[in-house]
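*Asks:* Each residue of the sequence shown is one higher than the one before, starting from 132 at the first, in the numbering used here.
Below is a structure I'd like to ask you about.
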Amino acid sequence: MITKQRLFVLLFYLFTVLPFSFAAIIKGVVIDKVTQEPLVGATVQILSSSAATITNMDGQFELNTDKKGSVSIEVRYLGYRSERLDGINVQSKDLIEFKLEQDEHLLDEVSVTAHQPRSSDIGMLTAQRNSLVVQSGVSAQQIKRTQDSDASEVIRRIPGISIIDDKFVMVRGLSQRYNNVWINQGAVPSSEADSRAFSFDIIPSSQLDNMVIVKSAAPQYPADFTGGFIQITTKSIPESNSLSISLGSSINSEAHYKNFYSSKSGKTDFLGFDSSLRPLQNGIHTAMNTFEGYPEAIDLLNNKLNNDWQVKKRTPVGDMKFNLAYNRAWQWNNGEELGLLASANYSNSYKAYRNMENSLFGSYDEVNNHPVYLRQSTDNQFTNDVKMGFLLNLAFRLNPTHLFEFKNSFNQLGKNRYTTREGYDAQSNQEQSMEYYYSARSIYNTQFTGKHDFKENSLDWTVGYAFANRNLPDRKRILLNDELEQGKIGLTSGSDISREFTYLVEHIGSLNINYDHQFHWGNLNPLMKVGAYGEYRTRKYDTRLFYFNWNYGENTLPQGFRYLPILEELLIPSNYAYDKFYLQEQVNKINDYKGNNTHMAGYLAWNVPIQKFTLFAGVRYEYNRMELISNTKAHEKSEISTYYTYRDFFPSANLSYDFNEKHQLRLAYGRTVNHPEFRELSSSVFYDFELASNVQGNSELKPAYIHNLDLRYEYYPSSAELVSLSLFYKHFSNPIEWTYTVNGGTNLTYSYANAHAAKNYGIELEFRKNLDFIGLPNFSLNFNGALIKSNVDFEKGSKEKNRAMQGQSPYLINTGLFYNNPDWGFNAAILYNRIGKRIVGVGRSVGTVGGENTSDIPNSYEMPRNSLDLTLGKQFKSWEFKVYAKDIIADKVIFKQIDENKDKNRMDEITKSYKPGRSFGFSIGYAFK
C-alpha cells in the first residue's frame, strides 16, 4: 500500500527532479556585438516549443529540452535586433554565442523601458548610475561571493555602514533609529520591544535579490529617515529552472568542543519557538491558580509552569545550515512569463562569551586617581540561536510592460541564552546572579504589486501587510549575595528570584501608488512623478512579573535554606507549597501599553533634464497621528489615550551633472524627520540583565527635524566598475538619543532624551575595480570607507559637554579582494572590516563646585577592532563546495569609559570585554537543472 508520505515524495520527484533528469541542456551566452558586454535578462527560446529562459547576470543561459536532433533558437532583447540560429545540435557540449546589434530604428521610434536586474553587479551599478538620488547597494552576485549568511552581514559591504550587536544597522555613524526599512516596497515593523530598530539578522542572505540604501531625500520616499532608507528586495522571476540543496556546518573556537551550558529545552525549540514548555498555559493573561484561602499566593506546582531550574551541560560539535530552493519559469510565444520561486532555510548555531568583563563605573576618584566601581563582575554567556525561513514568490509578466508580483516571506528566530555573573555590587557586596532567557521572534511580510510601463507613462502600486512579534516566556532571574552575612553568599529576599513573561505583537497594513508621466515641450522633456502612501500600524505590549515569596514568620523550609545550593537543593518541587515557596505577582499595568498609528502621505515631483543637467525636485506632505494607550494605575486596567499629531511638508532637490557617460556629479538637499516610537514614549519599564539596569520611555520626547546636504562624484570606468567620492552634512533639531541617569547614587536607568541640536558631516569613498590593468586577470578589488565627525550642542547653561553623537563611528572601513575564474569554476575572497571607536553610553556630570564640574562619569565607548574573513568556492558541474574562515584575527571586543579631558590623566576603565572567537565552516550544494 502506498502511504500518503510515499505518494507525496513520488509526486515531488515527478514534478521537480525528474523533468531535469532526462532533458538535454543547451548552454550559451548573449553579448552586445559592439561592447562585448553581457546582456542580462535576454529571452532565449527554442522555436516551435515552449522551452524558454532568460540570461543570468553574466549573460549566460541554460535551456532544458527533451527534443532530439537539432533545433532553432531565437534570442530577443529590448532595444536590440532579434537573432536566430538554426541547426543547433542538442547533444553538443559547445557554448553557443549570440551577438546582438542595437536596433537604432526601434530606439528612435519607441520609448523603451527595459528592466535591468539588480541581482548582478552590473545591474546594481547601472541602477545606481541612473538613479535620481544618492544611493548605494549590494547585489545577489556580490552576496554569493562573500558567503555572508544573513542581511546584517550583507549590508555592511555598503559604504558608510556599521553593525551594532551583530544585527542592527547604522548608516553614516547614526543610530539605527534614524533608518527606515522596507521589504519589497512595503513597511516593516520594529522587531524589538525597547527600540526603534529592525533586526537584519533574521533575513537569510539566500532570500535576497539586492539591498539598496538611499542616502538623499526624495519626494517618493518616506521622510522619516536620515541615515538611510533601506530597501530590501527578495528574489522574483528565476533565471532558469532549478532545484538546489545545500548543507553547511561551522565551528567557533569559543563555542564548540567546549562545555556549553543551557536550561531545559522545549519540544519545538529546534524550530525557533516554544509551544508548551515556558509559556503560560492560556497565554499572557492566564488566570493563575492560588492556594485556597490565600488569593495572593500562587501555587508553583498547579499552573503547568516549567519548574526545572537545572542547568544542562553539553559539548556542541558544530553549527548547522540547510537551504532548499526551487525555481521554475514558464514562458510563452506571446511574451507572457510566469515565475515561481520558493525556498526554505534553517540554521542552528552556538555562541559563547567566556569570562566576559561586565562592569560599570561611577564618578572617578580624583584624590586617589583610580576608578570607582558601581558594579564589578564577570559573566559567562551561552547562546543557542535557531533561524527558520520560508519564501514564496510568484511573478506574472503579461508582456514587457505589465508585471504582477505576489511576494511572501516568513522568518522565525529563537534565542535560548543562559548567563551567569559573579562579582561585587556598588555596596561591595559579593554577588552571584544568573538569567534564563528565551525569546521567539516572528516576521511575516506579504505584498501584491503591479508595475505597468507605457509609452509616456508608468504606474506601480503595492498593497502590503506585515506582522512581527516577540514572545519572551518565563525569563528567570536569580540574585544571591552576602548582604545578610559578609562572606556567606545566599538568598536575601524572595524578590531576588523572579519569573517574567512579556509578549509584543505588531501589525502594519500599507498601500503605495506611484504614477509617472513624460511630457514633451519642445526641446524640454520633463518627467512628472506623483504618488500617495497610506499606512496603519498597531502594537500591543503585555507583561507579567512574579516573585518568589515565603512566610518569613512561619514556614517549613529547611533550616538555613537561604544558604543551601540554590539549584540542587532549594529550587526543587519538595520546597513548593504555601508554607514554603510560592509565587506572588507584582501587578504593574503601567508597564503595558497599546498603540495605533495612522500615516498618510502624498507627493509631487518633477525630473527636468536640461542638456547635461538633470534636476529632480519636489515636495512631500505627511500626516502622522499616533495614539498611545497606557494605564495610569499599577494594580488595575486604567487606560488613557495620549495623541501625538504632526503635519509637515518635506521639500527636496537632487541635481546631477553628466560630464559624459562615465563621469557624473550629484548635489542633493532634503528635509527629513525622526518620530519617536511607541516604546520610547511609553512609561513601560523593562529590566535589562546585560545592562543590569532598567530601561524606560519618555513621554516628553519631540520629533527630530533634519536638514540634509549631499555632494557626490561618480566615475564608471566600465559597466562593472565604480569610483565614487561623497561629502555629506546634516543638521539636527532635537535629536533623540539613548542616555541614562543615576538613581540613588548607584542605580542606572536608561531612557531616551532630546538634545538641543547636533550636526553630522563626513566623507565617503567607494571603488570597485578589476585588476586586469596590473596583470591580475580575474581579480577585483572593492573598497568602501568613511570619515565622519559629529557634535551635539546643548542649550546655554547646560552642564552637558559638547560631544559626538551617541553611536557615531569616526571612521568605517570595508574592503575585499576577489578572485573569480569561470573556466576553473573557482572563486575566492578576502574581506577586511574596521570600525572606529564610538559612544555607546553618554556620560553625566554628577557634581559641581562654583559652577565647575568636579565629578563626572565619562562617556562609554566601543573600541575599534579588526575583522578579517576568507572564503573559497569551487564548482564541479552541478556540485558546489565552499569553505570559509571568519574573524580570523579574533580581536577582543572591548568597551571602555574614557575621559576626554587629558589634563586629568585618568585611567581608562574597561566596562566590557570578551573574545568572540574564530569561525571556520564549509557548505556543499547540488543543483538539479
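We treat Cβ as the ideally placed atom computed from N, Cα and C, and that holds for glycine.
Which value, in whole angstroms, describes the spacing of the CA atoms of H583 and F537?
*Replies:* In the sequence shown, counting from the first residue as 1, residue 583 sits at position 452. In the sequence shown, counting from the first residue as 1, residue 537 sits at position 406. Straight-line Cα distance between these residues: approximately 15 Å.
*Asks:* Just to confirm the assignment, what range does the alpha helix (DSSP H) spanning E1062 have?
*Replies:* The shown model of the chain, from 132 to 1060, leaves out residue 1062, and the question about it has no answer.
*Asks:* For the structure I just gave you, are there three or more beta carbon pairs, one from the region 399 to 413 and one from the region 492 to 500, closer than 8 Å?
*Replies:* The answer is no - the region 492 to 500 does not touch the region 399 to 413, with fewer than three Cβ pairs under 8 Å.
*Asks:* Kindly indicate which three-state DSSP category V548 falls into: helix, strand or coil?
*Replies:* Against the sequence shown, residue 548 aligns to sequence position 417. Contrary to the premise, residue 548 reads as Arg rather than Val in this sequence. If DSSP states are grouped into helix, strand and coil, R548 belongs with the strands.
*Asks:* Tell me whether T257 sits in a helix, a strand or coil according to DSSP, three-state version.
*Replies:* As a first step, residue 257 must be located in the sequence shown, where it is residue number 126. Three-state result, T257: helix.
*Asks:* Apart from the five residues just before and just after V160, which ones in its own chain have a Cβ nearer than 8 Å to its Cβ?
*Replies:* If you number the sequence shown from 1, residue 160 lands on position 29. Only P169, T186, D189, G190, Q191, F192, L226, I227, E228, F229 meet the Cβ criterion.
*Asks:* For M519 and S480, what's the separation of their Cα atoms in angstroms?
*Replies:* Here residue 519 corresponds to residue number 388 of the sequence shown, with the count starting at 1. Here residue 480 corresponds to residue number 349 of the sequence shown, with the count starting at 1. Each residue's alpha carbon lies about 12 Å from the other.
*Asks:* Cα-Cα, which of Y1015, I1019, Y707, W1010 is closest to G1056?
*Replies:* Counting from one through the sequence shown, the residue named residue 1056 turns up at place 925. Cα-wise, what sits closest to G1056 is W1010.
*Asks:* Let me check one thing: in DSSP terms, what residues is G581 bridge-paired to?
*Replies:* Taking the sequence shown and counting its residues from 1, one reaches residue 581 at position 450. According to DSSP, which records beta bridges pairwise, G581 is partnered with F535, W592.
*Asks:* Where do the ends of the beta strand (DSSP E) carrying S1054 lie?
*Replies:* Along the sequence shown, read from residue 1 onward, the residue named residue 1054 stands at position 923. 1050 to 1059 is the extent of the beta strand (DSSP E) around S1054.
*Asks:* Taking the C-alpha atoms as reference points, what is the distance between I415 and L436?
*Replies:* One-based indexing of the sequence shown puts residue 415 at position 284. One-based indexing of the sequence shown puts residue 436 at position 305. Distance between the alpha carbons of I415 and L436: 13 Å.
*Asks:* Do the region 812 to 821 and the region 364 to 375 meet, that is, are 3 or more Cβ pairs less than 8 Å apart?
*Replies:* Contact fails: fewer than three Cβ-Cβ distances are below 8 Å.
*Asks:* Tell me whether N964 sits in a helix, a strand or coil according to DSSP, three-state version.
*Replies:* On the sequence shown, residue 964 is found 833 positions in, with the first residue counted as 1. Strand, per DSSP.
*Asks:* Out of A889, L840, E852, which one is the CA nearest neighbour of F863?
*Replies:* Taking the sequence shown and counting its residues from 1, the one referred to as residue 863 is at position 732. The candidate whose alpha carbon is nearest that of F863 is A889.
*Asks:* Take the Cβ of I905 as the centre, count every other Cβ of all protein chains shown within 10 Å, and call the residue buried at 16 or more, exposed below.
*Replies:* As a working note, residue 905 is residue 774 in the sequence shown. So I905 counts as exposed.
*Asks:* With DSSP as the reference, please indicate the residues paired to W1010 in a beta bridge.
*Replies:* Position 879 of the sequence shown, counting from 1, holds the residue named residue 1010. F1007, Y1057.
*Asks:* Tell me, which residues are paired with G554 by DSSP?
*Replies:* As a position in the sequence shown, residue 554 is number 423, starting the count at 1. Beta-bridge pairing links G554 to S508, E562.
*Asks:* Using the rule of at least 16 other Cβ atoms within 10 Å of the residue's Cβ for burial, across every protein chain shown, is Y794 buried or exposed?
*Replies:* Working through the sequence shown from its first residue, we reach residue 794 at position 663. For clarity, residue 794 is His in the given sequence; the question names Tyr instead. With fewer than 16 Cβ atoms within 10 Å of its Cβ, H794 is classed as exposed.
*Asks:* Measuring CB atoms only, is the region 930 to 938 touching the region 896 to 916, in the sense that at least three cross pairs come out at less than 8 Å?
*Replies:* They do not touch, by the three-pair rule.
*Asks:* Report the option in K198, D197, N341 whose CA atom is closest to the CA atom of Q266.
*Replies:* Counted from its first residue, the sequence shown places residue 266 at position 135. If we check each option's Cα against that of Q266, N341 comes out closest.
*Asks:* Apart from the five residues on each side of it in sequence, which residues of its chain come closer than 6 Å, Cβ to Cβ, to T773?
*Replies:* Reading the sequence shown from its first residue, position 642 is the one you call residue 773. Contacts found: L759.
*Asks:* Alpha carbon to alpha carbon, how far is L879 from A557? Give it in angstroms, no decimals.
*Replies:* Position 426 of the sequence shown, counted from the start, is the residue given in the question as residue 557. Position 748 of the sequence shown, counted from the start, is the residue given in the question as residue 879. Using only the alpha carbons, I get a separation of about 11 Å.
*Asks:* According to DSSP, what are the bridge partners of H794?
*Replies:* Locating residue 794 in the sequence shown gives position 663, counting from the first residue. DSSP output for H794 lists Y846 as bridge partner(s).
*Asks:* Along the beta strand (DSSP E) that carries S862, what are the first and last residues, could you check?
*Replies:* Here residue 862 is taken as the residue at index 731 of the sequence shown, counted from 1. With the sequence shown as reference, residue 862 is identified as His, and Ser is not the correct amino acid for it. Segment 853 to 864, the beta strand (DSSP E) holding H862.
*Asks:* Residues in the same chain with beta-carbon distance under 6 Å from S1054, minus the five sequence neighbours each way, listed in chain order, please.
*Replies:* As a position in the sequence shown, residue 1054 is number 923, starting the count at 1. So the list reads S377, G379, K1013, once near-sequence residues are dropped.
*Asks:* So who's on the other strand from N383, going by DSSP bridges?
*Replies:* Within the sequence shown, the letter at position 252 stands for residue 383. According to DSSP, which records beta bridges pairwise, N383 is partnered with S1050.
*Asks:* Counting C-beta neighbours from all protein chains within 10 Å, is the total for E699 16 or more, i.e. buried, or is it exposed?
*Replies:* For this step, residue 699 is matched to residue 568 along the sequence shown. Counting Cβ neighbours within 10 Å, E699 comes out exposed, since fewer than 16 surround it.
*Asks:* Take every Cβ of the region 710 to 728, pair it with every Cβ of the region 745 to 752, and state whether three or more of those distances are shorter than 8 Å.
*Replies:* Output reads no: the region 745 to 752 does not touch the region 710 to 728.
*Asks:* Examine the ligand HEM and report whether any of its heavy atoms sits within less than 7 Å of the Cβ of V269.
*Replies:* For the ligand HEM, the structure offers nothing, since it holds no ligand at all.
*Asks:* Along the chain, where does the beta strand (DSSP E) containing P426 start, and where does it finish?
*Replies:* For the purposes of this step, residue 426 is taken as residue 295 along the sequence shown, with counting starting at 1. It spans 425 to 429 - the beta strand (DSSP E) in which P426 sits, taken as one unbroken run.
*Asks:* To the nearest angstrom, how far is it from the Cα of L472 to the Cα of N372?
*Replies:* Mapped onto the sequence shown, residue 472 falls at position 341. Mapped onto the sequence shown, residue 372 falls at position 241. Near 10 Å, if we compare the C-alpha coordinates of N372 and L472.
*Asks:* So what does DSSP say about N319, is it helix, strand or coil?
*Replies:* One-based indexing of the sequence shown puts residue 319 at position 188. It should be pointed out that residue 319 corresponds to Val in this sequence rather than to Asn. DSSP places V319 in coil when its eight states are reduced to three.
*Asks:* Measure from the alpha carbon of H86 to the alpha carbon of each residue in H838, N727, N654, K660, then state which is nearest.
*Replies:* The chain is shown from 132 up to 1060; residue 86 falls before or after that span and cannot be answered.
*Asks:* Helix, strand or coil, according to DSSP, for D627 in the structure here?
*Replies:* Along the sequence shown, read from residue 1 onward, the residue named residue 627 stands at position 496. Helix at D627.
*Asks:* Would you call N499 buried or exposed, if buried means 16 or more other Cβ atoms sit within 10 Å of its Cβ?
*Replies:* As a first step, residue 499 is located in the sequence shown; it is residue number 368 there, counting from the start. Exposed.
*Asks:* When the Cα atoms are used, what is the spatial distance from K861 to F781?
*Replies:* As a working note, residue 861 is residue 730 in the sequence shown. As a working note, residue 781 is residue 650 in the sequence shown. If I take the Cα positions, the gap works out to 15 Å.
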